[in-house]
Amino acid sequence: MADARKPAAPGFETLAVHAGASPDPATGARSTPIYQTTAYVFDDVDHAASLFNLQTYGYLYSRLTNPTVSVLEERVAALEGGRGAICVASGHAAQVLAFFTFMEPGDHFVAANKLYGGSITQFGRSFKKFGWEATLVDPDEPENFRRAITPRTKAIFVESLANPSGVVVDLERVARIAHDAGLLFIVDNTMASPYLCRPFEWGADLIVHSTTKFLSGHGNAMGGAVIDSGKVDWAKNPKFKSLTEPEPAYHGLRFYETFGDLAFTVHGHAVGLRDLGATMAPVNAFLTITGIETLALRMERHVANALAVARYLERHPAVAWVSHAGLASSPYHGLAKKYLPKGTGPVFTFGLKDGYDAGVKLVEGVNLFSHLANVGDTRSLILHPASTTHRQLTAEQQAAAGAGPEVVRLSIGIESVADLIADLDQALASAGH
Ligand SMILES: *Cc1c(COP(=O)(O)O)cnc(C)c1O
Numbered sequence: 070m071a072d073a074r075k076p077a078a079p080g081f082e083t084l085a086v087h088a089g090a091s092p093d094p095a096t097g098a099r100s101t102p103i104y105q106t107t108a109y110v111f112d113d114v115d116h117a118a119s120l121f122n123l124q125t126y127g128y129l130y131s132r133l134t135n136p137t138v139s140v141l142e143e144r145v146a147a148l149e150g151g152r153g154a155i156c157v158a159s160g161h162a163a164q165v166l167a168f169f170t171f172m173e174p175g176d177h178f179v180a181a182n183k184l185y186g187g188s189i190t191q192f193g194r195s196f197k198k199f200g201w202e203a204t205l206v207d208p209d210e211p212e213n214f215r216r217a218i219t220p221r222t223k224a225i226f227v228e229s230l231a232n233p234s235g236v237v238v239d240l241e242r243v244a245r246i247a248h249d250a251g252l253l254f255i256v257d258n259t260m261a262s263p264y265l266c267r268p269f270e271w272g273a274d275l276i277v278h279s280t281t282k283f284l285s286g287h288g289n290a291m292g293g294a295v296i297d298s299g300k301v302d303w304a305k306n307p308k309f310k311s312l313t314e315p316e317p318a319y320h321g322l323r324f325y326e327t328f329g330d331l332a333f334t335v336h337g338h339a340v341g342l343r344d345l346g347a348t349m350a351p352v353n354a355f356l357t358i359t360g361i362e363t364l365a366l367r368m369e370r371h372v373a374n375a376l377a378v379a380r381y382l383e384r385h386p387a388v389a390w391v392s393h394a395g396l397a398s399s400p401y402h403g404l405a406k407k408y409l410p411k412g413t414g415p416v417f418t419f420g421l422k423d424g425y426d427a428g429v430k431l432v433e434g435v436n437l438f439s440h441l442a443n444v445g446d447t448r449s450l451i452l453h454p455a456s457t458t459h460r461q462l463t464a465e466q467q468a469a470a471g472a473g474p475e476v477v478r479l480s481i482g483i484e485s486v487a488d489l490i491a492d493l494d495q496a497l498a499s500a501g502h
């Protein structure tokens with residue numbers, strides 16, 4: 070009887086407002102306080118020892134854990150349907166921490182070549198200094214991932230919805246290829262957010278986020294998150310020794326044996342944050358918690374506005390093409406319907422018939438759009454990659470990165486859509502059409 074009355078699991082919007090948070094036990098404060106503290110007082114020496122040995126759950130030093138950051142961690146884990154999360158200083162820090170947990174020098178992973186530009190640089194240059202090798206392949210043909218696997222490969226990495234070109238990856242097929250080979254499947258879900266796409270439902274093992282973008286949502290807080298599905302059997306595969314073998318710095322503790330499906334999450338704090346130190350600031354956690362409360366409302370408006378702008382651009386005589394998976398003309402339209410049923414993200418690119426000069430005139434001619442290098446803000450943003458973020462690249466590299474001279478990237482905000490279209494319209498007119 071009791072079971073029949075059990076309430077259904079809370080909905081997404083409820084979790085976005087409540088998950089991980091309860092009134093502050095000390096003051097009753099309803100909004101999560103910013104615990105702006107470096108350290109926490111021990112009850113006594115035994116308590117301190119048990120905290121240092123990871124035998125008691127509690128706060129010790131904010132490089133590892135902080136109560137404001139913990140609320141955010143529980144919230145993002147709940148929104149993705151994961152077991153636990155580690156929040157860090159930025160999206161790039163999240164990627165370092167995710168790989169750091171299981172990669173050794175000489176190890177390898179396969180990643181999609183359609184990624185945020187900063188990730189391509191991070192994987193291709195700085196990761197090499199750790200001895201981690203990445204092979205980038207075109208995700209449009211999922212078999213490319215299988216072909217690039219070597220005996221040292223440990224993971225496959227993709228963006229669910231790639232920044233910036235609106236490429237949708239066939240998550241279910243890539244997950245199967247990863248799992249057939251005993252590899253982890255890691256998905257960067259930044260561009261979609263958990264409101265639009267749920268990678269764990271398609272086989273992801275770990276999800277990374279730049280919370281800097283839609284999760285915080287207001288262009289005012291850097292942050293990142295790594296979320297663990299809790300479903301990986303770390304003992305099944307000798308590739309993932311760091312979670313199964315004794316950890317000397319914790320008196321030979323074995324994370325998987327001790328913490329079970331929380332092993333990855335505990336390791337991320339107790340080893341990853343301890344040694345990498347890329348901690349999220351409590352004030353950024355607070356801003357991100359507040360931002361997440363309106364994620365569903367914002368994404369709905371972002372998606373509707375972006376589709377209206379994409380349709381307007383598709384009809385404009387100065388525009389050569391529009392790459393937005395919500396348009397029937399997109400080769401990713403079918404995949405978008407499957408993986409992003411509530412709509413594709415508000416970040417997309419389009420091409421101008423008159424090339425580089427028209428792109429420069431457009432970004433200089435807008436008034437309401439902000440000309441800058443960010444995405445996922447309440448404000449609408451515009452960028453001409455060839456004259457800014459991708460200007461150091463050769464023409465061939467620009468084209469391969471989807472950043473040719475004619476390409477303009479938009480991140481559509483939540484303003485009145487008529488004002489956004491009017492602004493683009495006047496700027497396109499003064500750019501020569
Ligand atoms: C911005 C971004 C990152 C990097 O995040 P930061 O918070 O800027 O470090 C990684 N992946 C994607 C898809 C992004 O858009």
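According to this note's numbering, the stretch in the sequence shown is residues 70 to 502, in order. No residue lacks a Cβ here, since even glycine has one placed at the ideal position from N, Cα and C. Remember, it's a predicted structure, so these values are computed and weren't measured experimentally.
The shortest C-alpha to C-alpha distance from Lys308 to any of Leu230, Thr219, Lys282, Trp271 is the one to Thr219.
Note that the C-beta distance between His393 and Ala373 is not below 7 Å.
Scanning the segment 189 to 251 for uninterrupted beta strand (DSSP E) segments of 3 residues or longer gives 202 to 206, 222 to 228, listed from N- to C-terminal end. For Ala147 and Ala88, the gap between their C-alpha atoms comes out near 7 Å.
No residue range can be given for Gly473, since it is assigned to no beta strand (DSSP E) and is classified by DSSP as neither H nor E. Boundaries of the alpha helix (DSSP H) harbouring Ser119: 114 to 121, taken from the DSSP string. Asp115 has its alpha-carbon roughly 54 Å from the corresponding atom of Gly235.
DSSP places Thr418 inside the beta strand (DSSP E), whose first and last residues are 416 to 421. Under DSSP, the beta-bridge partners assigned to Tyr130 are Ala108. Distances from the CB of Thr101 to the heavy atoms of ligand 1 are all 6 Å or more.
Between ligand 1 and the CB of His440, the shortest heavy atom gap is not smaller than 6 Å. At least one heavy atom of ligand 1 lies less than 6 Å from the C-beta of Glu228. Assigned with DSSP and collapsed to three states, Thr348 falls in strand. Using a cutoff of 6 Å, the CB of Gly160 counts as near ligand 1, since one of the ligand's heavy atoms is closer than that. Comparing alpha carbon positions, the residue from Leu364, Ala108, Cys156, Pro79 closest to Thr334 is Cys156. In the structure shown, the three-state DSSP call for Ile481 is coil. Ser439 and Val145 have their C-alpha atoms roughly 28 Å apart. Distance from the Cα of Gly445 is smallest, within the candidate group Ser100, Ala250, Phe283, Leu252, for Phe283.
Within the segment 372 to 407, the complete beta strand (DSSP E) segments of 3 residues or longer fall at 388 to 392, listed in chain order.
Ligand 1 approaches Tyr185 closely enough that one of its heavy atoms is under 6 Å from the residue's Cβ. In this structure, Leu396 and Val237 do not form a Cβ contact; the two beta carbons are roughly 12 Å apart against a cut-off of 8 Å. For Leu275, the enclosing beta strand (DSSP E) starts and ends at 275 to 279.
If you look at Val140, you'll find it in the alpha helix (DSSP H) that goes 136 to 149. Relative to ligand 1, even the nearest heavy atom lies 6 Å or more away from the CB of Asp446.
Excluding five sequence positions before and after Gly153, the CB atoms of its chain that fall closer than 6 Å to its own CB belong to Ala146, Asp297, Leu331, Thr334, given in chain order. Distance from the C-beta of Asn232 to the nearest heavy atom of ligand 1 is below 6 Å. DSSP places Ile103 in no alpha helix (DSSP H); its state is neither H nor E. Contact annotation: Val243 and Asp257 have beta-carbon atoms that are not nearer than 7 Å. Judged by pairs of C-beta atoms under 8 Å, the segment 286 to 294 touches the segment 350 to 370, as three or more such pairs exist.
Contact between the segment 455 to 466 and the segment 489 to 502 is absent: fewer than three C-beta pairs spanning the two stretches fall below 8 Å.
The beta carbons of Ala167 and Leu275 sit about 6 Å from each other, so the pair counts as a contact at 8 Å.
When the five nearest sequence neighbours on each side are left out, the beta carbons in the same chain lying within less than 8 Å of the beta carbon of Ile483 are those of Arg367, Arg370, His371, Asn374, Thr447, in order along the chain. Setting aside the 5 residues that flank it on each side, Leu133 is surrounded in the same chain by His338, Ala339, Leu342, Arg343, each with a C-beta closer than 7 Å to its C-beta; the list follows chain order. If you check the C-beta of Thr259 against ligand 1, you find a heavy atom less than 6 Å away.
Short of 7 Å from the beta carbon of Thr106, and not among the five residues preceding or following it, lie these beta carbons of its own chain, in chain order: Ser131.
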